[in-house]
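Numbering (this note's numbering), first residue to last: 1445 to 1634. Don't be surprised by glycine CBs; every beta carbon is placed ideally from N, CA and C.
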Amino acid sequence: MARLAGCIDRGLTEVQQAQQEIRGYVAEIRAVAQTLEPENGACQQRQQQFEQLQQQFAAREDPVYQKMAKQMANFQAGLFVGEDVAAALQDNLDLERWFRHPKGHERRIHGHRHAGVRIVQEGPTLLLALDAHLHHPAPFQPTDLQPYRRAQPPPSQQDAMARRKIMRKARSTKKRRLLLAELELRYNSS
1445 MARLAGCIDR
1455 GLTEVQQAQQ
1465 EIRGYVAEIR
1475 AVAQTLEPEN
1485 GACQQRQQQF
1495 EQLQQQFAAR
1505 EDPVYQKMAK
1515 QMANFQAGLF
1525 VGEDVAAALQ
1535 DNLDLERWFR
1545 HPKGHERRIH
1555 GHRHAGVRIV
1565 QEGPTLLLAL
1575 DAHLHHPAPF
1585 QPTDLQPYRR
1595 AQPPPSQQDA
1605 MARRKIMRKA
1615 RSTKKRRLLL
1625 AELELRYNSS
């Protein structure tokens, strides 16, 4: 055991300087994370703090800080979008994970501007499912869901889904010929 303790001590001594650097990076990342928490101030104020940190990181010569600054610049587009206006519209992460619905928090974390095709096409009907827990605090029973068993998406959403299928076939090299033949048949018959 004494030999093992000696090995651990020698290993920790060798990486002590690297650990100090990493502790500094962790402190900076915590400062960035504080700007993302809504309870730490108004959205505009937190956004200014975020931008200041990003500029500070960009000014440093350390490649780690350069990478942080670049990553923050990429994320910024989706991080501070309308939080003050839509404070009530928060994602319920547990429900999203359970139902595997679009994950808004991931879009904000990764800074993507585009919401995704699925949200655009299925969003009107998904929104009701994601917010169902707000109006129904208890678990749903079969009798609660009975009136909705034959519910259909609106015609506009069905049309969008049909267009999506056609476009997916058009992008596929294997199915493109079949799609073109099908569309030609439709065109000639009308």
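A Cβ-Cβ contact shorter than 8 Å links residue 1501 with residue 1513.
In this structure, the straight-line span from the alpha carbon of residue 1503 to that of residue 1625 is close to 58 Å. Rounded to whole angstroms, the separation of the alpha carbons of residue 1468 and residue 1459 is 14 Å.
By the neighbour-count criterion, in which 16 or more other beta carbons inside 10 Å mark a residue as buried, residue 1499 falls on the exposed side. In the assembly as shown, residue 1497 is a buried residue. Its beta-carbon has 16 or more other beta-carbons within 10 Å.
Secondary structure at residue 1600: helix, using DSSP grouped into helix, strand and coil. Contact between the segment 1576-1586 and the segment 1613-1625 is absent: fewer than three C-beta pairs spanning the two stretches fall below 8 Å. Membership of residue 1577 in the alpha helix (DSSP H) is indicated by the continuous run 1576-1579.
The alpha-carbon separation between residue 1595 and residue 1612 amounts to approximately 26 Å. Boundaries of the alpha helix (DSSP H) harbouring residue 1490: 1487-1503, taken from the DSSP string. Residue state for residue 1465 is assigned as helix, using DSSP reduced to three classes. Here DSSP, grouped into helix, strand and coil, assigns residue 1616 to coil. The Cβ neighbour count for residue 1565, taken over all protein chains shown within 10 Å, is at least 16; the residue is labelled buried.
DSSP, reduced to helix, strand and coil, places residue 1519 within a helical segment of the structure shown.
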